[in-house]
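Here the sequence shown is numbered in my numbering, starting from 2 and rising by one per residue.
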Amino acid sequence: DNKSDYRIVRKTIQGRTDTRNYDIDILKSYIHELTLYQQAAYYIQDALKTVLFWHGTYPLTIPLVKKTLYLPVHSAVAFAMGIFLAEKPRLFPSFFFFGVAWLMCAVMWHNHFHPDPWVRCKSFGGFF
(Lines of atoms letter the chains of each structure in order from A and count residues from 1; the text may use other names and numbers.)
(Lines give C-alpha, C1' and ligand atoms only; values in the text may rest on other atoms or scores of the structure.)
Protein backbone atom coordinates (compact mmCIF):
# COMPACT_ATOMS: atom_id res chain seq x y z
CA ASP A 1 0.00 0.00 0.00
CA ASN A 2 2.82 2.43 0.84
CA LYS A 3 4.69 1.58 -2.38
CA SER A 4 1.64 2.30 -4.53
CA ASP A 5 1.04 5.56 -2.64
CA TYR A 6 4.68 6.49 -3.18
CA ARG A 7 4.44 5.77 -6.93
CA ILE A 8 1.26 7.83 -7.24
CA VAL A 9 2.76 10.77 -5.37
CA ARG A 10 6.00 10.57 -7.38
CA LYS A 11 4.08 10.44 -10.66
CA THR A 12 1.95 13.40 -9.57
CA ILE A 13 4.97 15.51 -8.66
CA GLN A 14 7.40 14.50 -11.40
CA GLY A 15 4.99 13.75 -14.24
CA ARG A 16 4.66 10.82 -16.58
CA THR A 17 8.11 10.99 -18.11
CA ASP A 18 11.43 10.94 -16.31
CA THR A 19 13.12 14.18 -17.36
CA ARG A 20 16.46 13.17 -15.84
CA ASN A 21 17.13 10.68 -18.64
CA TYR A 22 18.25 11.88 -22.05
CA ASP A 23 15.54 11.37 -24.65
CA ILE A 24 14.86 13.15 -27.91
CA ASP A 25 11.15 13.48 -27.09
CA ILE A 26 11.97 15.28 -23.84
CA LEU A 27 14.31 17.60 -25.73
CA LYS A 28 11.55 18.32 -28.26
CA SER A 29 9.11 19.08 -25.46
CA TYR A 30 11.57 21.59 -23.97
CA ILE A 31 12.01 23.25 -27.37
CA HIS A 32 8.23 23.38 -27.79
CA GLU A 33 7.87 24.99 -24.36
CA LEU A 34 10.45 27.64 -25.27
CA THR A 35 8.63 28.48 -28.50
CA LEU A 36 5.38 28.87 -26.55
CA TYR A 37 7.14 31.38 -24.27
CA GLN A 38 8.37 33.23 -27.35
CA GLN A 39 4.83 33.40 -28.74
CA ALA A 40 3.49 34.61 -25.40
CA ALA A 41 6.15 37.33 -25.29
CA TYR A 42 5.03 38.51 -28.74
CA TYR A 43 1.39 38.77 -27.64
CA ILE A 44 2.33 40.60 -24.44
CA GLN A 45 4.49 43.04 -26.39
CA ASP A 46 1.67 43.63 -28.88
CA ALA A 47 -0.84 44.23 -26.07
CA LEU A 48 1.48 46.70 -24.37
CA LYS A 49 1.95 48.60 -27.63
CA THR A 50 -1.81 48.71 -28.10
CA VAL A 51 -2.38 50.12 -24.63
CA LEU A 52 0.54 52.55 -24.55
CA PHE A 53 -0.02 54.03 -28.02
CA TRP A 54 -3.82 54.27 -27.66
CA HIS A 55 -4.65 52.01 -30.62
CA GLY A 56 -8.34 51.59 -31.27
CA THR A 57 -9.63 48.20 -30.22
CA TYR A 58 -13.44 48.28 -30.12
CA PRO A 59 -15.42 49.27 -33.22
CA LEU A 60 -18.21 51.80 -32.90
CA THR A 61 -20.39 52.17 -35.98
CA ILE A 62 -22.18 55.48 -36.49
CA PRO A 63 -25.33 54.63 -38.49
CA LEU A 64 -26.06 58.12 -39.84
CA VAL A 65 -22.61 58.62 -41.34
CA LYS A 66 -21.99 54.88 -41.95
CA LYS A 67 -18.49 55.13 -40.52
CA THR A 68 -16.75 52.92 -38.04
CA LEU A 69 -14.60 54.41 -35.32
CA TYR A 70 -12.24 52.31 -33.27
CA LEU A 71 -12.21 53.38 -29.64
CA PRO A 72 -9.10 52.83 -27.47
CA VAL A 73 -11.06 51.32 -24.59
CA HIS A 74 -8.13 49.37 -23.11
CA SER A 75 -5.98 52.49 -23.00
CA ALA A 76 -8.73 54.58 -21.43
CA VAL A 77 -9.35 51.96 -18.73
CA ALA A 78 -5.63 51.65 -17.98
CA PHE A 79 -5.30 55.45 -17.82
CA ALA A 80 -8.26 55.76 -15.44
CA MET A 81 -6.93 52.94 -13.27
CA GLY A 82 -3.55 54.66 -13.09
CA ILE A 83 -5.10 57.95 -12.03
CA PHE A 84 -7.29 56.32 -9.39
CA LEU A 85 -4.38 54.30 -8.02
CA ALA A 86 -2.19 57.40 -7.81
CA GLU A 87 -4.89 59.21 -5.87
CA LYS A 88 -6.11 56.31 -3.72
CA PRO A 89 -3.53 53.50 -3.33
CA ARG A 90 -5.86 51.64 -0.96
CA LEU A 91 -7.83 50.58 -4.06
CA PHE A 92 -4.92 48.43 -5.28
CA PRO A 93 -6.38 45.02 -4.26
CA SER A 94 -9.69 45.64 -6.01
CA PHE A 95 -7.94 47.05 -9.08
CA PHE A 96 -5.61 44.06 -9.15
CA PHE A 97 -8.50 41.61 -9.33
CA PHE A 98 -10.28 43.82 -11.85
CA GLY A 99 -7.08 43.74 -13.92
CA VAL A 100 -7.05 39.95 -13.85
CA ALA A 101 -10.67 39.82 -15.02
CA TRP A 102 -9.96 42.49 -17.63
CA LEU A 103 -7.00 40.48 -18.95
CA MET A 104 -9.12 37.33 -19.17
CA CYS A 105 -11.85 39.19 -21.09
CA ALA A 106 -9.25 40.71 -23.44
CA VAL A 107 -7.77 37.28 -24.20
CA MET A 108 -11.27 35.91 -24.78
CA TRP A 109 -12.03 38.83 -27.12
CA HIS A 110 -8.79 38.16 -29.04
CA ASN A 111 -9.56 34.45 -29.39
CA HIS A 112 -13.17 35.13 -30.41
CA PHE A 113 -12.00 36.71 -33.67
CA HIS A 114 -9.36 34.09 -34.51
CA PRO A 115 -9.54 32.97 -38.17
CA ASP A 116 -9.41 29.28 -37.22
CA PRO A 117 -12.91 28.18 -36.11
CA TRP A 118 -11.45 25.51 -33.80
CA VAL A 119 -9.52 28.11 -31.82
CA ARG A 120 -12.42 30.54 -31.49
CA CYS A 121 -14.26 30.75 -28.21
CA LYS A 122 -17.75 31.85 -27.33
CA SER A 123 -18.40 35.51 -26.78
CA PHE A 124 -19.11 36.78 -23.28
CA GLY A 125 -22.82 37.05 -24.10
CA GLY A 126 -22.80 33.51 -25.50
CA PHE A 127 -22.31 32.11 -22.01
CA PHE A 128 -25.64 33.55 -20.91
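Idealized CB from N, CA, C, for every residue including glycine. Keep in mind the model is a prediction, meaning the values are calculated, not measured.
| Query | Result |
| --- | --- |
| N- and C-terminal bounds of the beta strand (DSSP E) containing L61 | 59-63 |
| contact_flag[the segment 84-92, the segment 56-71] where n(CB pairs < 8 Å) is 3 or more | no |
| Cβ pair A81, V52 closer than 8 Å | no |
| Sub-8 Å separation of S169 and W55 beta-carbons | No answer is possible for residue 169: the residues shown for the chain start at 2 and end at 129. |
| Under the three-state DSSP convention, the category T69 falls into | strand |
| P116 - DSSP class collapsed to helix/strand/coil | coil |
| Three-way DSSP call (helix, strand, coil) for D47 in this model | helix |
| Three-state class that DSSP yields for Y23 in the structure shown | coil |
| Assigned secondary structure, T18 (DSSP; H/G/I helix, E/B strand, else coil) | coil |
| Helix, strand or coil at D6 [DSSP, three-state] | helix |
| Host alpha helix (DSSP H) of S76 (start-end) | 74-88 |
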